[in-house]
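> Could you have a look at this structure, given as structure tokens, before my questions?
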Amino acid sequence: MSPMSRFVFGGSDPALAMALGFLLLLMTATGAADNQSTDPASSPTAEFSASPATETAVASDAAPQSEPEPGPESASEPAPAPATASKPGSESDLTAAFDERVSQLTDNSFKVKEAAAQAIAETGDARAIPLLKALLSGDLYYRKDDDRIVYVAPAGSSGWALTDALSGEALGEVGRRDVRKITVNNRMRSALRTSIAALTLASPDPALRLRAAREMVGSDDPAVISAVRTQLAAEDDQQVTEVLTLVVAIADLKQPDIDSRLAAIEVLHGNLYPQARNALNGLLETEQDPGVLAATKAALDAIDRKRQLNSSIETLFFGLSLGSVLVLAAIGLAITFGVMGVINMAHGELIMIGAYTTYLVQQAMPGLTDWSLLVAVPAAFLVSGAFGVAIERTVIRFLYGRPLETLLATFGISLILQQLVRTTISAQNVVVQNPSWMSGSLQLNPGLALTYNRLYILLFALIVFALLLLVLKRTALGLQVRAVSQNRAMARAMGVRSARVDALTFGLGAGIAGVAGVALSQLTNVGPNMGQAYIIDSFMVVVFGGVGNLWGTLVAGMTLGVANKLMEPWAGAVLAKILVLVFIILFIQKRPRGLFPQRGRAAAD
Amino acid sequence: MGLLQPLKGDTGGKIMLAVLALIAVLVPILNLLVPEGNPLHVSTFTVTLLGKYLTYALLAVAVDLVWGYLGILSLGHGAFFALGGYAMGMYLMRQIGDRGVYGDPLLPDFMVFLDWQQLPWFWQGFDQFWYAALMILLVPGLLAFVFGWLAFRSRVTGVYLSIITQALTYALMLAFFRNEMGFGGNNGLTDFKDLLGFDLQSDGTRIGLFLASALALALGYWACRWIVTSKLGRVAVAVRDAESRVRFIGYRVDRVKLAIWTFSAVLAGVAGALYVPQVGIINPGEFSPLNSIELVVWVAIGGRATLYGAVIGAVLVNYGKTVFTGAFPEAWLFVLGGLFVLVTVFLPAGIAGLLKTLRRRRSEPTALKEKSA
Chain A
53 MSPMSRFVFG GSDPALAMAL GFLLLLMTAT GAADNQSTDP ASSPTAEFSA SPATETAVAS
113 DAAPQSEPEP GPESASEPAP APATASKPGS ESDLTAAFDE RVSQLTDNSF KVKEAAAQAI
173 AETGDARAIP LLKALLSGDL YYRKDDDRIV YVAPAGSSGW ALTDALSGEA LGEVGRRDVR
233 KITVNNRMRS ALRTSIAALT LASPDPALRL RAAREMVGSD DPAVISAVRT QLAAEDDQQV
293 TEVLTLVVAI ADLKQPDIDS RLAAIEVLHG NLYPQARNAL NGLLETEQDP GVLAATKAAL
353 DAIDRKRQLN SSIETLFFGL SLGSVLVLAA IGLAITFGVM GVINMAHGEL IMIGAYTTYL
413 VQQAMPGLTD WSLLVAVPAA FLVSGAFGVA IERTVIRFLY GRPLETLLAT FGISLILQQL
473 VRTTISAQNV VVQNPSWMSG SLQLNPGLAL TYNRLYILLF ALIVFALLLL VLKRTALGLQ
533 VRAVSQNRAM ARAMGVRSAR VDALTFGLGA GIAGVAGVAL SQLTNVGPNM GQAYIIDSFM
593 VVVFGGVGNL WGTLVAGMTL GVANKLMEPW AGAVLAKILV LVFIILFIQK RPRGLFPQRG
653 RAAAD
Chain B
9 MGLLQPLKGD TGGKIMLAVL ALIAVLVPIL NLLVPEGNPL HVSTFTVTLL GKYLTYALLA
69 VAVDLVWGYL GILSLGHGAF FALGGYAMGM YLMRQIGDRG VYGDPLLPDF MVFLDWQQLP
129 WFWQGFDQFW YAALMILLVP GLLAFVFGWL AFRSRVTGVY LSIITQALTY ALMLAFFRNE
189 MGFGGNNGLT DFKDLLGFDL QSDGTRIGLF LASALALALG YWACRWIVTS KLGRVAVAVR
249 DAESRVRFIG YRVDRVKLAI WTFSAVLAGV AGALYVPQVG IINPGEFSPL NSIELVVWVA
309 IGGRATLYGA VIGAVLVNYG KTVFTGAFPE AWLFVLGGLF VLVTVFLPAG IAGLLKTLRR
369 RRSEPTALKE KSA
């Protein structure tokens, strides 16, 4: 049997490893499913800071390419295609009024157009929002022959595909010169934004209402405020109510009577919306009343304290995120280096192979980007693991007990692997797509958002760590690995097939490197040199944590990550890294065997 | 006779030095006296290339001294090489004077570009060659001394030591990449004009630098042989093979290590200082950990603990690199990588070991015959 097939099929341990791999897959899969179900609610929050104009642009861009994957974001976006073509008879009057108003948009005068847009908004017709959004983003045209209002989408080399804005009927393709854009001026744009916001505020979908409400934070347009007050009375969603209260409170800061202002300040106390802070700062300059002034200051102090806390949490998160990357990169090395005593300089290249496997998996299943990672994780484990077993069987097994020489041989292997990727795939970096559930961020509060990709990779690192620990501590393979690493001769005497254990251990370490590659492909560029960037850091983590100690690797990785990010604000990224390296050099002088040294006979070389 | 004492029994070394002497005589003659176009003519480009190989060879000897005879696998010797190179580069920068692009009589171009008003303190004195020469020895030596003093006293050994030497060169690389450090940042130091008043572009200077490299290699080799054949060298080999035992016998292991380690770093610095004027540039890339690993591989391929093997390895690998990267750039990494693997697995004693085996095989049959007779 070849080493590879033995690795996959032979014995109970590899079977268990496979089962664990599958479990991993399941866990990630359910994670993804959970995420998809929560996403529609949270995705608008991710875009909350973007200006409405760009949002609409995004929406209309996304519409033509939303092929087989109904991503949660495009689902929540009203695509600029008219919803229902014609309404039931009883509303036909309204529809007629709507149609008439729309036809006025072809007028040359901005005044007429603005009035028309205002009227369109007031009809409350379901087609109004997409229409006004298209108007705002400059995607609304009319046909020169018959003044029909149309949406356009690029078609062919130089033509437009037209869709009737009123009926939703496809009108075929025309040349670009056959249609004319309906232009808007700045005044109209702001009016349009207000109208769109008010319309969405009345939407039955709470998520859309929330988003509309957020767009209104800081607005001082009396029309908007009164619309908000009306909606506030009828609102039953708690989140929306909170934001609407905020909108009203910011507006109330300008109320003439002191009590209203104090009440508004009370609402804004510790509120993290930047608009709240700006409004309070503005009040600080204009306010005459000492009582209100003091309340304003207190409210601002509370805001600043919370912001401080936010930034600390953010730094910690970035640190843990960097730490999780370090742990992922180093943990495979902790096995090959820590348990087997092999200095595997090709470790970085095994990570690279994992990342390239992700790329190839995505190439093989186009259009299924959301699922590709779930396939890529086990695939990368197997591919890198197979490379690992091959490396062990052909090179490393001749070098046991000579750790420094494994360094040279594996360095040679790393060069070969790099060149292999350059020759067979490309010398350039390749593009690995991010699945939709990896993009966006988790909005903890208005001033703090944790990006999903970093969050998932942090979780992923912990899961991989836990599984690895489980394999080493709770399975027969793990027992044998530990036995061989502690006393090879005695283990052999007890009937452990040490050659097989070596191959499997190295394969396991390499496979974990491959899995790390999948995660890293979501954060950094994937290219032939990517492995080199991680190899030194990985060695630092393993040595700092203590060779042969998985917990040490976890603690060391997280510590170094957080320390790096803590120092970055005042030292800069490069200097922080240098300081960490110098710290490790000095630390090794103090504790030559790392944070958690191995004890007993195994430690004595 | 005392001068040749260290070479006693070192056949490989004698052959190597003889070849070196031959090259040192022939190359200048073939370059300067044989007219261009004659097939025997050696171009100035080749002279510089050979000079570069010789500095690499000296560096490899320095690595072999600590790895082969002291058992310390340094993954950071490139740092000492680069520091020596930077010291020389700083001298060469100051020699440019007002001939730079910005024509500032005192500040090198990159400082003018960064809008610095005055020369940083650590650039003072580098306009004097004697000072620069002193720094070429002192800076790598001092760094190695401090680093070694800390590491050897705490008994950091083996893999841990290798990894922290790697961390050292990595940290230095990151530091030298920073513009604020005042060493030219990413671009390093370049555009050198002359050395001790000689134009760096002229054939004569090139030959001079080549000869200086050959002389440095010969002297460095001799000094290393002198060390390894001395009492200190024998203790060093004992430390390599059984460190605890040597300590228990009563030797100060850390001092033995520190002395040889520091000397090796100084040697690497000298190699770097000779390297820079020949290639015309020094940048932070020289600190790259990969460079340091690569030079360890030269030693491994040549054969460790022989010293002359290091010379063979450095010259052969770099020659191969020149040939291959020119002819088949795609294949070079395959060849180099394959070489590493094959040598470590099948030739643990390197080329020098292979030569020794061959020589023994040739003499064995005769020995057998004598015995049977």
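So the protein lines, in turn, are chains A and B. Following the numbering used here, the numbering of the first sequence begins with 53 at its first residue and continues without gaps. Following the numbering used here, the numbering of the second sequence begins with 9 at its first residue and continues without gaps. Even glycine gets a Cβ: it sits at the ideal position worked out from N, Cα and C.
Residues of chain A with CB under 9 Å from B:F342, in chain order?
Residues of chain A passing the Cβ test: L467, I468, Q471, L472 and T475.
> Is there contact here, the segment 601-620 of chain A with the segment 446-456 of chain A, by at least three beta-carbon pairs under 8 Å?
These segments do not touch.
> Counting Cβ pairs, one atom from each stretch, are 3 or more of them under 8 Å apart for the segment 119-126 of chain B and the segment 241-249 of chain B?
At 8 Å Cβ cutoff, the stretches do not touch.
> Output needed for A:A346: all residues of its chain with C-beta closer than 8 Å, excluding positions within five of it in sequence on either side, in chain order.
If we look at A:A346 and ignore the five residues flanking it on each side, it has no Cβ neighbours.
> Is there a Cβ from chain A that is less than 8 Å from the Cβ of B:S170?
It does; some Cβ of chain A falls within 8 Å.
> Contact criterion: CB-CB distance below 8 Å. Does B:V264 meet it with respect to chain A?
For B:V264, the answer is no, since every Cβ of chain A falls outside 8 Å of its Cβ.
> Rounded to the nearest angstrom, what separates A:T611 and A:F389 at their Cα positions?
Approximately 20 Å between the Cα atoms of the pair.
> Of the choices A:G583, A:S573, A:L575 and A:I636, whose alpha-carbon is the least far from that of A:V593?
That would be A:I636, whose Cα lies nearest to the Cα of A:V593.
> For A:Y193, count neighbouring C-beta atoms within 10 Å of its own C-beta (all shown protein chains included) and say buried if the count is 16 or more, exposed if not.
Label assigned to A:Y193: buried.
> Using C-beta distances below 6 Å, list every residue in its chain close to A:F100, excluding the 5 sequence neighbours before and after it, in chain order.
Residue placement at A:F100 cannot be trusted, given a pLDDT of 36 that sits under 50; what the coordinates show is reported in the next sentence. Cβ neighbours of A:F100 beyond the five flanking positions: R266.
> Between which two residues does the alpha helix (DSSP H) carrying B:V325 extend?
That run of the alpha helix (DSSP H) goes Y316 to A335.
> Count the other C-beta atoms from every protein chain shown that fall within 10 angstroms of the C-beta of B:W138, then say buried if there are 16 or more, exposed otherwise.
By the neighbour-count rule (16 or more Cβ atoms within 10 Å), B:W138 is not buried but exposed.
> Excluding the 5 residues preceding and the 5 following A:V614 in the sequence, name in chain order all residues of the same chain whose CB lies nearer than 7 Å to its CB.
These residues qualify, in order along the chain: L368, G371, L372 and G375.
> Are A:N481 and A:N505 close, meaning C-beta to C-beta below 8 Å?
No; because the gap between Cβ atoms is not below 8 Å, this pair is not in contact.
> Per the contact definition of three or more C-beta pairs closer than 8 Å, is the segment 597-612 of chain A in contact with the segment 127-135 of chain B?
Result no; under three Cβ-Cβ pairs closer than 8 Å.
> Using three-state DSSP, classify A:G220 as helix, strand or coil.
A:G220 falls in the coil class under three-state DSSP.
> So that I know if they touch, is there some Cβ in chain A lying closer than 8 Å to that of B:L183?
Checking the sequence shown, residue 183 of chain B turns out to be Ala, not Leu. For B:A183, the answer is yes, since a Cβ of chain A falls inside 8 Å of its Cβ.
> State the start and end residues of the unbroken beta strand (DSSP E) segment that holds A:P206.
Unbroken beta strand (DSSP E) run through A:P206: I201 to A207.
> Would B:L355 pass as an interface residue toward chain A - the criterion being a Cβ-Cβ separation below 8 Å?
It does not: the Cβ of B:L355 has no partner Cβ on chain A nearer than 8 Å.
> Could you pull the DSSP bridge partners for A:T503 from this structure?
A:T503 pairs with A:S493.
> With C-beta atoms as the reference, is B:W200 less than 8 Å away from B:P285?
Note that residue 200 of chain B is Phe in the sequence shown here, rather than Trp. In this structure, B:P285 lies closer than 8 Å to B:F200 by Cβ.
> What residues in the segment 439-468 of chain A have a beta carbon less than 7 Å from any beta carbon of chain B?
Against chain B - using a Cβ distance shorter than 7 Å - the residues of the segment 439-468 of chain A are V447, F450, L451, P455, L456, E457, L460, A461, F463, G464, I465, L467 and I468.
> Give the DSSP bridge partners of A:K233, in chain order.
Partner(s): A:Y193.
> Mark A:M546 as exposed unless 16 or more other C-beta atoms lie within 10 angstroms of its C-beta, in which case mark it buried.
Exposed.
> Can you check which of these residues, A:A541, A:A571 and A:S242, is closest to A:L507 by C-alpha distance?
Closest option to A:L507, Cα to Cα, is A:A571.
> Closest to A:T410 by CA distance: which of A:S573, A:T605 and A:S155 is it?
The shortest Cα separation from A:T410 among A:S573, A:T605 and A:S155 belongs to A:S573.
> List the endpoints of the continuous alpha helix (DSSP H) containing B:K22.
First-last of the alpha helix (DSSP H) with B:K22: T19 to L40.
> If we count the other Cβ atoms within 10 Å of its Cβ and call it buried at 16 or more, is A:N497 buried or exposed?
Exposed, since its Cβ has fewer than 16 Cβ neighbours within 10 Å.
> Nearest CA to the CA of B:D18: which residue from B:L62, B:Y178 and B:R233?
Nearest of B:L62, B:Y178 and B:R233 to B:D18, Cα basis: B:R233.
> Give, in chain order, every residue of the segment 617-643 of chain A whose Cβ lies closer than 8 Å to some Cβ of chain B.
Residues passing the 8 Å Cβ filter: V626, L627, K629, I630, L633, V634, I636, I637, L638, I640, Q641 and K642.
> Pick out whichever of A:I588, A:E444, A:L305 and A:N160 has its Cα sitting closest to the Cα of A:S550.
Looking at the Cα atoms, A:E444 is the closest of the given residues.
> Considering only C-alpha positions, which residue in the set B:D123, B:V353, B:D249 and B:L204 is nearest to B:G105?
That would be B:L204, whose Cα lies nearest to the Cα of B:G105.
> Please identify the residue among A:D230, A:R228, A:R229 and A:R245 whose C-alpha is closest to the C-alpha of A:V236.
Closest option to A:V236, Cα to Cα, is A:R245.
> Along chain B, which residues have their Cβ under 7 Å away from the Cβ of A:V595?
Under the 7 Å cutoff, chain B gives Y168 and I171.
> Pull up the distance between the alpha-carbon of A:A528 and that of A:I387, whole angstroms please.
Going by the C-alpha atoms only, they are around 16 Å apart.
> Counting contacts by CB-CB distance shorter than 8 Å, is A:Q170 in contact with chain B?
By this cut-off, A:Q170 is not an interface position.
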